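Quick notes on the structure that follows.
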Amino acid sequence: MNLKIKDFVLLALLTALYVIVYFVGAMLISLIGPFGDSISAGVCGLLSGVILVFITRKIGKMWQFTIIELIVMAVFALMGSGYLPWFITSMVGAILADFIASTSEKPSVLKIAIASGILHVGNALGGIIPACFFAEQYMNEWIARGQKPEQMLAMVKAAQGTMGILATIITFVLSVIGVYIGYSILKGHLKEK
Numbered sequence: 158m159n160l161k162i163k164d165f166v167l168l169a170l171l172t173a174l175y176v177i178v179y180f181v182g183a184m185l186i187s188l189i190g191p192f193g194d195s196i197s198a199g200v201c202g203l204l205s206g207v208i209l210v211f212i213t214r215k216i217g218k219m220w221q222f223t224i225i226e227l228i229v230m231a232v233f234a235l236m237g238s239g240y241l242p243w244f245i246t247s248m249v250g251a252i253l254a255d256f257i258a259s260t261s262e263k264p265s266v267l268k269i270a271i272a273s274g275i276l277h278v279g280n281a282l283g284g285i286i287p288a289c290f291f292a293e294q295y296m297n298e299w300i301a302r303g304q305k306p307e308q309m310l311a312m313v314k315a316a317q318g319t320m321g322i323l324a325t326i327i328t329f330v331l332s333v334i335g336v337y338i339g340y341s342i343l344k345g346h347l348k349e350k
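Quick note on the numbering used here: the sequence shown kicks off at 158 and runs consecutively.
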């Protein structure tokens with residue numbers, strides 16, 4: 158199951174839609190405060206479940222999630238928001254998601270849901286891991302990029318310890334729910350093989 162040019166084009170278009178959903182979700186959830194940043198990937202997963210189900214059913218080939226994540230990371234890097242730990246955790250999550258949901262022609266909705274959960278947890282861990290294990294460097298990096306010190310301190314506190322674990326669980330659960338919502342929306346419209 159090799160990706161063809163038409164698959165890359167469709168992935169790029171759907172990833173553009175996914176990025177828009179990510180931005181909208183992040184803006185909305187940021188209204189609840191610093192913890193919102195920790196779970197913004199989960200909100201994206203909730204809102205983009207329909208996109209991931211569509212991609213998996215229409216393309217359904219190995220490396221589809223990895224390509225999506227590479228494009229997403231490139232967009233964020235071009236906007237000045239690229240961060241190596243975020244890239245690493247996101248790519249690990251995407252590769253794991255591919256091995257879960259992209260190795261069979263028609264994976265179950267449960268496999269897609271778990272893949273989405275892992276994909277979005279990978280995104281969330283890009284901020285949670287630095288906040289837990291090298292908070293000072295993490296804060297300094299983003300303060301140098303223009304974040305206010307008090308904002309960064311609040312964000313780090315909202316991602317450490319129990320809050321980080323809670324954010325990871327919430328992100329996974331929201332992403333799983335998003336796939337089931339997406340499947341319920343699309344099940345009458347997708348021709349099953």
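The beta carbon of each residue, even a glycine, is placed where N, CA and C say it ideally should be. Keep in mind it's a predicted model, so treat the numbers as computed, not measured.
DSSP, reduced to helix, strand and coil, places E226 within a helical segment of the structure shown. The beta carbon of L171 is closer than 6 Å to those of I208, I212 in its chain, skipping five residues each way along the sequence. Residues V229, V232 of the same chain have their beta carbon placed closer than 7 Å to that of V176, with the five preceding and five following residues left out of the count.
Taking the Cβ atoms as the reference, W243 lies roughly 7 Å from G284, within the contact range of under 8 Å. S195 and A292 have their alpha carbons spaced roughly 14 Å apart. Sorting I224, E262, H277 by C-alpha distance to the C-alpha of T328 places H277 at the top. Within the same chain, Cβ atoms closer than 8 Å to the Cβ of I245 are found at G283, the five residues on either side in sequence being excluded.
Straight through space, the alpha carbons of A311 and G318 are spaced by roughly 13 Å. Contact between A288 and V313 holds: their C-beta atoms lie close to 4 Å from each other, under 8 Å.
Between M320 and L235, the alpha-carbon positions lie close to 30 Å from each other. When S197, Q308, L204, I224 are compared, the shortest CA-CA separation from K161 is found for I224. Taking each of I334, G345, L185, I216 in turn and checking the Cα distance to E262, the smallest one comes out for I216. The criterion of a C-beta distance shorter than 9 Å is not satisfied by G279 and A315. Classified as buried, F222 has 16 or more neighbouring CB atoms from the shown chains inside 10 Å of its CB. In this structure, the beta-carbon distance from G206 to I338 falls below 9 Å.
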